[in-house]
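As C-alpha cells, the structure follows; a few thoughts come after it.
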Amino acid sequence: MGNELVSCSFLLLFFTTLAPAVASDGVDFLRLPSMDFDAQNQGRSSAHIGHSSSASSADAIKDPTAKVFALIKDLVVGNRMAISFPYKEPSSVEFYPKQVTQNIPFSSDAVPWLLRFFSFSPDSKQALGMRQTLALCEKEPKQGEIRGCVTSIESLVQFARRILGPATEVEILRSSLVSKSTPLVQNYTVLDFKEVATGNIVPCHNQPYPYPVYHCHYQLGIDNKVFKVFLRGDNGELVDSVFFCHMDTSKLTDDHVAFRLLGVKPGESEVCHFFTAYDLATVPIIPK
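Here the sequence shown is numbered in the UniProt record's numbering, starting from 1 and rising by one per residue.
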C-alpha cells in the first residue's frame with residue numbers, strides 16, 4: 001500500500017489532461033493529432049500510417065495536422081515544406097521511472113480499481129482514454145505482427161530486443177520538443193539530414209494514459225528506413241526531427257490520405273512522415 005501511495009502522489013504531480021483515443025487496430029490505421037483533440041485542443045495522438053485508413057477522406061486532406069507526410073526525394077538541403085509539430089507537455093512524453101508505475105495494475109480487468117486510484121469519474125474523458133488504451137494494448141497481434149505497450153525504458157528495450165536481438169544495444173530516436181509558441185503548422189527549411197537505419201526499426205506511439213504509455217509494433221519481413229532531419233522553422237526555431245519511411249506501401253488502399261497528399265500510388269513509392277516528439281523509434285546500435 002505504501003508503494004501505491006508514493007506512486008499515486010508522483011503521478012498526480014505530473015498528471016496532464018487526457019483526451020479519448022480513436023478506436024483502431026493498432027498498425028492498421030492513420031491517426032492525425034487533431035483526431036484525438038477535445039474541444040480545447042488538448043488531446044494526444046500520433047500521425048501514423050498503416051494498411052488502411054479511417055482518415056482517408058476529404059476532411060483529412062484539410063486537417064492541418066496531416067502536414068507530416070513527405071518522400072525521401074524531398075530531403076534536399078534548402079528545401080522548404082509545411083510541417084505540423086504539435087506541442088506536448090514534456091511530462092506526457094518522457095517515461096517515468098519503473099519503480100513509480102510497476103506496482104500499478106495495467107489491465108482492463110483493473111479499470112474499476114484504476115478509476116478509484118486516479119480519482120477518475122467512470123464517464124470522464126480520462127476514463128474513456130484509459131479504457132481505449134488498455135484495449136489497444138491487449139489486442140492480439142495479427143499474423144506476422146509483433147505488438148505491445150511499454151510503460152518504462154526497461155520495458156521498451158525489452159520489447160525492442162524481441163525484434164532486434166536479445167543482446168542488441170538499442171538507440172531511442174525522438175524528434176526534439178517544440179515550444180508552446182511554435183505554430184501548429186509552419187514552413188521548415190531542411191538544413192541537413194542523414195539516414196540512421198534501414199531494416200528492423202520499431203516505431204512506438206504515445207497513447208492517452210495518466211502516465212506515458214507507448215504502443216509499439218513491428219511487421220515481420222517489412223524493411224523501413226529512418227532519417228534524422230535537421231529543420232529550421234520560419235520562426236527561427238530549430239527542430240531535430242525523426243523522419244520514418246514505410247518502404248512497402250503495396251497493401252495500402254488507393255484513397256489513403258498519404259497518397260492523396262503526396263500524389264503517388266500504392267506500391268510505386270515509399271511514404272514517409274515526420275514523428276512528433278511524443279512518438280519514438282528504436283533502432284539497433286551498430287558497432288563501429
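In this text, a Cβ means the ideal position worked out from N, Cα and C, and glycines have one as well.
Check                                                                                                                        : Outcome
Anticipated Cβ contact below 8 Å, GLN207 with LEU136, distance rounded                                                       : 7 Å
Pairwise C-alpha distance: ARG116 and ALA110                                                                                 : 10 Å
The stretch 176-195 contacting the stretch 212-232, beta-carbon criterion three pairs below 8 Å                              : yes
Whether PRO284 touches THR198 by CB criterion (7 Å)                                                                          : no
Range covered by the beta strand (DSSP E) that runs through ALA82                                                            : 80-84
Cβ neighbour criterion (16 or more within 10 Å) applied to GLY148                                                            : buried
Span of the beta strand (DSSP E), counted from its first residue to its last, around GLU145                                  : 145-150
Assigned secondary structure, residue 375 (DSSP; H/G/I helix, E/B strand, else coil)                                         : Here the chain covers residues 1 to 288 and nothing more, so residue 375 does not appear.
Through-space distance from GLU138 to ALA127, alpha-carbon basis                                                             : 17 Å
ALA277 and ARG174 closer than 7 Å at C-beta                                                                                  : yes
Boundaries (first-last residue) of the beta strand (DSSP E) holding LEU191                                                   : 185-199
Per-residue burial, GLY129 [other beta carbons within 10 Å of its own, 16 or more giving buried]                             : buried
DSSP-derived helix/strand/coil call for SER241                                                                               : strand
Cβ contact (3+ pairs, closer than 8 Å) linking the stretch 201-217 and the stretch 179-187                                   : no
Under the three-state DSSP convention, the category PHE230 falls into                                                        : strand
Proximity to ASP254 [Cα-Cα], best of PHE243, CYS245 and VAL271                                                               : VAL271
Coarse secondary structure for ALA258, derived from DSSP in three states                                                     : helix
Beta-carbon contacts of PHE274 that lie in its chain and below 6 Å, excluding the five residues immediately before and after : VAL68, ILE83, SER241 and PHE243
Per-residue burial, PRO105 [other beta carbons within 10 Å of its own, 16 or more giving buried]                             : exposed
Residue burial classification, ILE286 (beta-carbon count within 10 angstroms, cutoff 16)                                     : exposed
Straight-line Cα distance separating PHE118 from VAL93                                                                       : 19 Å
Rounded C-alpha distance that separates CYS245 from ALA66                                                                    : 16 Å
Secondary structure of ASP279, DSSP reduced to three states                                                                  : strand
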